[in-house]
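Read through the structure below, which is laid out as structure tokens, and then see the notes.
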Amino acid sequence: LMASEWVREQIFLHYHQEIPYACHVVTESFKEEAKIIRIEATIYVERDTQKGIVIGNKGSALKVVGTKARQQMEKFWGRPVYLGLHVKVRNDWRDDPRMLKYFGYTSD
Numbered sequence: 047l048m049a050s051e052w053v054r055e056q057i058f059l060h061y062h063q064e065i066p067y068a069c070h071v072v073t074e075s076f077k078e079e080a081k082i083i084r085i086e087a088t089i090y091v092e093r094d095t096q097k098g099i100v101i102g103n104k105g106s107a108l109k110v111v112g113t114k115a116r117q118q119m120e121k122f123w124g125r126p127v128y129l130g131l132h133v134k135v136r137n138d139w140r141d142d143p144r145m146l147k148y149f150g151y152t153s154d
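Taking the working numbering, I'd label the letters of the sequence shown as residues 47 to 154.
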């Protein structure tokens, strides 16, 4: 959970207007190995246009978010971190009761 919150924090710091509010970050896997921590996370957005903004030109925006989040993680855990970020579109997920439940926003 902490890993996804660090990514989400960087999304809020890096993007403007609606993008941070249309994103949800899920940590898909977290593996502690002898010398490195490997984390895979998915950033969910509501539209293809938002996906393009989050990724940026040739991945530049996503790289900034990932690098800054990874640096925070490495400082906290005191060891190298591999952070793989993926961006997926789930159309209007904020209006979908199943997605809200999947993301933990509701319990019904």
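Every residue gets a Cβ at the ideal spot worked out from N, C-alpha and C, and that includes glycine.
Per-residue DSSP class, three states only, for residue i
i    : result
L129 : strand
E79  : coil
T152 : coil
Residue i, enclosing alpha helix (DSSP H) - first and last residue
i    : result
I57  : M48 to H60
F122 : S106 to W123
D141 : That residue, D141, is in no alpha helix (DSSP H); it is neither H nor E in DSSP.
G98  : D94 to I101
Local Cβ density within 10 Å of residue i, reported as buried at 16 or more and exposed below that
i    : result
L47  : exposed
A49  : buried
Y151 : exposed
H132 : exposed
Q63  : exposed
I162 : This structure cannot settle anything about residue 162, because the visible part of the chain is limited to 47 through 154.
W123 : exposed
A87  : buried
Beta-carbon contacts of residue i that lie in its chain and below 6 Å, excluding the five residues immediately before and after
i   : result
I85 : A49, F76 and L129
P66 : I57 and F58
Chain-order list of residues whose beta-carbon lies under 8 Å from that of residue i (same chain, five-residue window excluded)
i    : result
A107 : H60, Y61, I99, V100 and I101
I82  : R125, P126, V127 and Y128
R93  : A68, V135 and N137
Neighbourhood of residue i by C-beta distance below 7 Å, restricted to the same chain and skipping five residues each side
i   : result
K97 : V91, V133 and V135
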